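Protein chains: 2
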Amino acid sequence: MLTRARTVAALAALASLSWGAPAPAPPVHSASPYAGAAGRIIGAELLDGQAFEILAHLTDGIGPRLSGSAGAEEAVAWTAERLRSYGLAVAKEEVLVPHWVRGLEEAEILAPAPQRLLVTALGGSEPTPADGVTAEVVEAAGIEGLQSLGKDAVRGRIVLFNAPMPVRGMEGYSAAVPQRTRGASEAARLGAVAALVRSVGTLSARLPHTGALNYQDSAPRIPAAAVTAEDADLIHRLLASGEAVRLRLRLGCRTLPDAPSANVVADLQGRESPGEIVVIAAHLDSWDLGTGAIDDGAGVAMVMEALRLLEELGLRPRRTIRGVLYMNEENGLRGGKAYAEAHASELPRHVAALETDSGAARPTGLSATVGEGGLERLGDLARLLRPLGADSIAAGGGGADIGPLQAASVPLLGLRLDGTRYFDWHHSPADTLDKVDAQELALGAAAVAVVAYTLAEMPETLPRPAPPSPAPPSPAAPPRP
Amino acid sequence: MLTRARTVAALAALASLSWGAPAPAPPVHSASPYAGAAGRIIGAELLDGQAFEILAHLTDGIGPRLSGSAGAEEAVAWTAERLRSYGLAVAKEEVLVPHWVRGLEEAEILAPAPQRLLVTALGGSEPTPADGVTAEVVEAAGIEGLQSLGKDAVRGRIVLFNAPMPVRGMEGYSAAVPQRTRGASEAARLGAVAALVRSVGTLSARLPHTGALNYQDSAPRIPAAAVTAEDADLIHRLLASGEAVRLRLRLGCRTLPDAPSANVVADLQGRESPGEIVVIAAHLDSWDLGTGAIDDGAGVAMVMEALRLLEELGLRPRRTIRGVLYMNEENGLRGGKAYAEAHASELPRHVAALETDSGAARPTGLSATVGEGGLERLGDLARLLRPLGADSIAAGGGGADIGPLQAASVPLLGLRLDGTRYFDWHHSPADTLDKVDAQELALGAAAVAVVAYTLAEMPETLPRPAPPSPAPPSPAAPPRP
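In order, the protein sequence lines correspond to chains R and V.
So in this note's numbering, spot 270 of the first sequence is number 270, and the numbers just go up one at a time.
So in this note's numbering, spot 106 of the second sequence is number 587, and the numbers just go up one at a time.
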C-alpha cells in the first residue's frame with residue numbers, strides 16, 4: 001500500500017508537470033467528492049504503476065497478436081491469469097474469429113524501368129495467383145477520384161489509391177482510410193484486377209501500413225495491398241511524366257477457417273450495486289507487422305492497470321467496474337459483437353462503457369456519446385483529470401469494440417490521447433514498445449482509473465443516448481481504427 | 482542563355498533567403514574577382530537548374546545502383562550520354578567491381594518467445610547455411626564492449642553489436658560505424674557464429690540500414706546483418722531482464738565474380754592550361770534497398786549540373802574542370818583506386834579534387850585537406866558561398882573516392898551539407914527522391930560550380946598537402962560513408 005507521504009510526493013511531482021494545466025488550478029478538482037480518490041489514484045500510478053511493465057510483456061514477451069495467431073491466444077491466457085492474480089473474477093468468453101495469415105508479398109514496377117516496391121497485404125485480402133497479377137496502373141485520388149476515372153480507365157488495371165492523409169491525427173485518418181477499407185471493392189466494380197493503397201500514415205520512412213479491407217458482396221474480391229508513401233509517390237511521378245507504369249503484384253496471404261478465441265472479462269465487484277456495470281475496454285488483438293504497442297497494447301495495459309490500482313488502493317466503488325479486453329477489433333469486430341450478444345440482458349444496467357484505443361501518448365480528455373445533458377455532467381468528472389491535462393470533452397465517439405453497446409443505449413466514452421504521432425507508426429512494423437513513454441502511459445492508466453471509479457461511485461448515472469439510427473449500408477460504415 | 486535581368490531577379494530572390502548569411506553582407510563577396518561569375522552561377526541555378534531533374538532520373542527512372550547491378554550499368558550509360566549532350570569530352574573508364582547480391586533475409590527470436598525480427602544483410606556478407614544459423618545472442622556495446630566480454634562469452638554465439646549513434650551527423654556515424662565494418666571479424670575471432678549490428682541510423686521507424694562490412698583475412702568469415710533499432714532494443718530488453726535469447730538468422734546473399742563497370746569522366750576543357758585539372762566528384766553506385774537519392778544520387782546531380790551550367794553560361798576557366806562519377810564507393814572503392822592508378826601521371830597537375838557525398842540538404846561549407854596556408858586561401862573562396870550560407874571551412878576530409886589522390890598530394894575538398902537528417906535515411910529503404918528538396922539541391926549544385934570555377938580560374942593554386950602517413954592496418958581504416 002502507498003503511504004500518504006508518497007502520494008503527496010507524487011502529486012507534488014505531478015503539479016510540476018507542464019501538460020496544459022492552467023497554472024493556478026489545484027492538483028485535483030477539490031470541490032468534487034471524488035477528488036480524494038482521484039488524487040490517490042494519480043499519485044499511486046505515477047509512483048508505482050505497472051502499466052509499462054504490462055505493455056512490455058504484451059509486446060516484447062508475446063509479440064504480434066493478430067486474431068487467430070498464437071500470439072493472440074497467448075495474450076488471452078496471460079492477461080486472464082494476470083487479472084486473476086489481482087483478485088478479480090475473470091472469464092474468458094469465447095469468440096470465433098477470422099483467421100487470416102500473411103504470406104509472401106512482393107511488388108515491382110516492370111516498366112518504364114524495373115523498380116522493387118515495398119508493399120504489405122491489406123488484412124483480409126485474397127491472394128494473387130502464384131505468378132502474380134500484372135497490369136498497368138491507374139491512379140485515383142481516393143474513392144471520389146476513382147469514380148471520376150470511369151470504367152474504361154479502370155478495366156483490367158491495377159488501381160493505385162493515392163490520397164494522402166490531409167492532416168495529422170484522427171481527422172486525417174478518417175479522411176484517407178475509406179480508400180483502404182472500400183477501395184478494393186469499388187475498384188473491382190469498375191473492372192480493376194488489383195488495388196494498391198497509399199499507406200495511411202504520416203511518416204516518410206518507407207513504412208507499409210496495413211489495416212483491414214472490407215470486401216463488399218456485390219463486387220469481385222480482388223487482391224489489395226498497401227504501398228509505402230514513397231512508392232506511391234514514385235508511381236505518381238512516373239505517371240505524371242506521361243509514362244505507362246506496368247506493375248506486378250504477388251500476395252501469398254490466405255484466409256483459414258475461423259478460429260476459437262476469447263474476450264477476457266474481469267470484474268471488480270461493486271460494493272452496493274454489483275449488477276450495475278461500468279465497462280472499461282481495450283483490444284487484445286493487434287496487427288502482425290509490429291508488436292501492437294500503441295494499437296492497442298497500451299489500452300490493454302491501461303485497463304489492466306486501472307483494475308489493479310483500484311483493487312490495491314482498496315477503492316471499491318458502489319457499482320461493478322468490468323474490464324473487457326476484446327478480441328478481433330482489427331479485422332472483424334467479432335469480440336465487440338459477441339460481448340453485446342452474450343451480455344444483452346445486462347446491458348440496460350451497463351451505466352457506461354469507456355474504451356481506450358487511441359495510442360499511448362498523454363491523455364487529453366474524453367469523447368462521449370451520451371444522452372441530453374450528459375456532456376455537462378461529464379464536465380464535472382473531467383475536471384478531476386485537469387492535473388493530467390486531460391479535462392477536455394468532445395461529443396461523439398467511444399470506441400469500435402463498445403460501439404455495439406449503443407444499440408442498448410449504453411453511454412459510450414473514449415479516452416482521447418495526443419494523436420500527433422500516432423499515425424506515424426499505426427498498423428506498421430514500427431508499432432513497437434519504444435514508441436511508448438512510460439510516464440505518459442501511466443497518465444492514461446490513471447485517467448482510466450479515475451473515470452471508471454467516479455462513474456461507478458457517483459450516485460447518479462449518465463443520461464443514456466438514443467440507439468443509433470439504422471446502420472447505413474456497408475460502404476458508408478465508419479472507418480475502424 | 483540567361484538574361485541579365487533574370488539573373489538579377491534570382492539574386493534578389495536569393496538575398497531574401499535566411500540561410501545564415503549575416504544580414505548586411507552583399508549577396509556575393511564583391512571584392513573577389515570571381516564574384517561576378519559566382520553571382521551568375523548561383524542565379525542561373527536557382528532560376529533554371531536541372532539538378533533535381535537529373536536526380537529524379539537516377540532514382541525514379543533507373544533506381545538502385547549497387548555495383549554490378551543492371552541499375553549501376555544503366556547509370557553509367559545514361560550519365561555518360563547526358564554529359565556528352567552538354568558538349569563535354571566524356572570517357573567511360575573501365576573498373577572491375579565486386580558483385581554482391583542480396584537474397585532471402587530472415588531472422589527470428591526462437592526463445593524466450595517467438596518474434597520475427599527485421600534484418601538486412603550487410604554488404605559483402607557471406608550467406609548462412611540454408612537452414613540458418615541458430616544460437617544464443619550475446620550483446621556487445623560496440624567493438625570495445627566485445628573485447629570486454631571475452632572469448633567464453635562469445636564462442637558459439639551470435640553477437641549483437643548494439644552501440645547507438647551517440648549524436649546526429651557524421652560525428653555520431655563515425656563513432657558507431659566500426660561495429661558494422663569490423664564487428665563481424667572481431668566477433669569471429671572470439672568464436673562467434675554470426676553478427677548482428679544495430680542499424681547505424683537516427684530514425685526510429687523499424688528501418689534496416691545496410692552498409693559494407695570488411696572481412697579481415699585473419700578471421701573466419703561469419704554472416705552479418707543489420708537489425709533495426711527497434712529489434713536491437715527488443716533483444717537488449719530481453720537480455721537485460723535475464724532471459725537467454727535464442728535466435729535464428731537466415732541470409733541468402735551471394736558474391737558473384739567481379740563485374741566490369743566504369744567511372745564516368747567528363748572534361749570541361751581548360752581555356753589556357755587544359756593539362757591542369759580540378760576534379761569534381763561523386764559516386765554513381767548506391768546501396769540496393771532504396772534508390773540512393775541522398776547517397777549519392779544528389780552528388781552526381783550536383784557534379785553533372787555544375788558542368789552543364791558552366792558550359793551553358795560560357796564560363797570556361799583557365800584550367801580543365803573534370804567531373805568524375807565514381808563507381809563502387811559503397812563496397813570496394815574500386816573506382817577511386819582505378820582512377821588514381823589510371824591517371825597517375827596526371828596527378829601532379831591535379832590542382833584540387835572536390836567530392837560531394839554528404840547528401841542533398843543545404844550546403845554549409847567546405848572541408849579541406851591542403852598544405853600549409855591552404856585553409857586561409859580557401860576562406861577567400863568560401864566567402865563567395867556566403868549567400869548560400871556555405872562559407873564555413875573545416876580542416877580535414879574530402880571524400881572516399883578522391884582519398885587515393887592524397888598519395889599524390891592533391892588538395893582534397895569536401896562539400897559539407899547539413900547533416901541533421903542524413904542518417905535518418907542513409908543506406909536504408911527510405912533513401913528515396915522525396916527526401917530531397919529541389920531548392921536545397923540547387924544550392925549544392927551552385928556551390929560545386931562556384932568552387933570548381935574559382936579553383937580552375939584563379940592564377941594561384943592551393944598548397945599541396947603532404948601524402949598521408951603509411952596506411953594503418955585495415956581494422957583502423959576510417960569508416961566510409
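Beta carbons are placed, not taken as given, at the ideal position from N, Cα and C, and that holds for glycine.
All values reported here derive from a predicted model rather than from experimental measurement.
Could you round the C-beta distance between residue i and residue j to whole angstroms and report it? I think they count as a contact, below 8 Å.
{"i": "LEU765/V", "j": "ALA553/V", "result": "7 Å"}
{"i": "ALA561/V", "j": "VAL760/V", "result": "Not really, about 17 Å apart at Cβ, beyond 8 Å."}
{"i": "ALA430/R", "j": "LEU347/R", "result": "The Cβ separation is near 38 Å, so there is no contact."}
{"i": "ALA904/V", "j": "GLY682/V", "result": "The sequence given here has Phe at residue 904/V, not Ala. Confirmed, Cβ separation roughly 5 Å."}
{"i": "ALA762/V", "j": "ASP882/V", "result": "5 Å"}
I'd like to know whether the C-beta of residue i is nearer than 7 Å to at least one C-beta of chain R.
{"i": "GLY544/V", "result": "yes"}
{"i": "ASP698/V", "result": "no"}
{"i": "PRO647/V", "result": "no"}
{"i": "GLY877/V", "result": "no"}
{"i": "ASP714/V", "result": "yes"}
{"i": "VAL594/V", "result": "This sequence places Ala at residue 594/V; Val is not what is there. By this cut-off, ALA594/V is an interface position."}
{"i": "GLU586/V", "result": "no"}
{"i": "ARG752/V", "result": "no"}
{"i": "THR560/V", "result": "no"}
{"i": "PRO608/V", "result": "no"}
Helix, strand or coil: which one does DSSP assign to residue i?
{"i": "VAL279/R", "result": "strand"}
{"i": "GLY323/R", "result": "strand"}
{"i": "GLU724/V", "result": "coil"}
{"i": "VAL95/R", "result": "strand"}
{"i": "SER358/R", "result": "coil"}
{"i": "TRP581/V", "result": "strand"}
{"i": "SER185/R", "result": "helix"}
{"i": "THR255/R", "result": "strand"}
{"i": "HIS350/R", "result": "strand"}
{"i": "LEU486/R", "result": "Beyond the ends of chain R as shown, which are 1 and 481, falls residue 486/R; an answer cannot be given."}
{"i": "GLN596/V", "result": "strand"}
Within its chain, find whatever has a CB closer than 7 Å to the CB of residue i; leave out the 5 residues flanking it on each side and keep chain order.
{"i": "GLY813/V", "result": "SER548, VAL578 and PRO579"}
{"i": "ASP434/R", "result": "none"}
{"i": "THR709/V", "result": "LEU599, SER680, ARG687, LEU688 and PRO689"}
{"i": "VAL50/R", "result": "Correcting the residue identity first, residue 50/R is Gln in this sequence and not Val. Same-chain partners within the cutoff: GLU305 and ARG308."}
{"i": "LEU17/R", "result": "Residue confidence for LEU17/R is low, a pLDDT of 44 falling below 50, so the modelled location carries little weight; the figure read from the coordinates is stated next. Within the same chain, LEU17/R has no close Cβ partners at all."}
Taking Cβ positions only, does residue i come closer than 7 Å to chain V?
{"i": "THR432/R", "result": "yes"}
{"i": "PRO459/R", "result": "no"}
{"i": "ASP295/R", "result": "no"}
{"i": "ARG464/R", "result": "no"}
{"i": "LEU203/R", "result": "yes"}
{"i": "GLU73/R", "result": "no"}
{"i": "LEU251/R", "result": "no"}
{"i": "PRO208/R", "result": "no"}
{"i": "GLU230/R", "result": "yes"}
{"i": "PRO429/R", "result": "yes"}
In chain order, what residues of the same chain lie with their CB nearer than 6 Å to the CB of residue i, ignoring the 5 residues before and after it?
{"i": "ALA841/V", "result": "ILE775, ALA779, VAL917 and LEU922"}
{"i": "ALA504/V", "result": "Summary for ALA504/V: the model assigns pLDDT 40, below 50, so the residue's position carries little reliability, and this model does not support an answer."}
{"i": "ALA141/R", "result": "ALA163"}
{"i": "VAL160/R", "result": "According to the sequence shown, residue 160/R is Leu rather than Val. Excluding sequence neighbours, LEU160/R sits near VAL137, GLU139, LEU196 and ILE235."}
{"i": "GLU607/V", "result": "ARG702 and PRO704"}
Strictly below 7 Å CB to CB, what residues from chain B border residue i?
{"i": "ASP541/V", "result": "Although the question refers to chain B, the structure presented lacks it and instead comprises the protein chains R and V."}
Can you tell me whether residue i sits near the ligand SAM, meaning its C-beta is under 6 Å from at least one heavy atom of the ligand?
{"i": "SER699/V", "result": "Absent from the structure shown: the ligand SAM. Ligands present: none."}
Could you name the residues of the same chain whose beta carbon sits closer than 8 Å to that of residue i, not counting the 5 residues immediately before and after it, in chain order?
{"i": "ALA669/V", "result": "ALA676, ALA700, PRO701, ARG702 and ILE703"}
{"i": "GLU372/R", "result": "PRO463"}
Inter-stretch contact (C-beta, 8 Å, three-pair minimum) for the segment 222–236 of chain R and the segment 440–460 of chain R: no
The segment 199–212 of chain R / the segment 172–185 of chain R touching (three or more Cβ pairs under 8 Å): yes
Any 3 or more C-beta pairs closer than 8 Å across the segment 872–890 of chain V and the segment 845–862 of chain V: yes
Touching by the beta-carbon criterion (3+ pairs, under 8 Å), the segment 813–822 of chain V and the segment 933–952 of chain V: no
Validate contact between the segment 588–595 of chain V and the segment 58–65 of chain R using beta carbons, cut 8 Å, 3 pairs: yes
Validate contact between the segment 617–634 of chain V and the segment 712–720 of chain V using beta carbons, cut 8 Å, 3 pairs: yes
Touching by the beta-carbon criterion (3+ pairs, under 8 Å), the segment 830–841 of chain V and the segment 884–895 of chain V: yes
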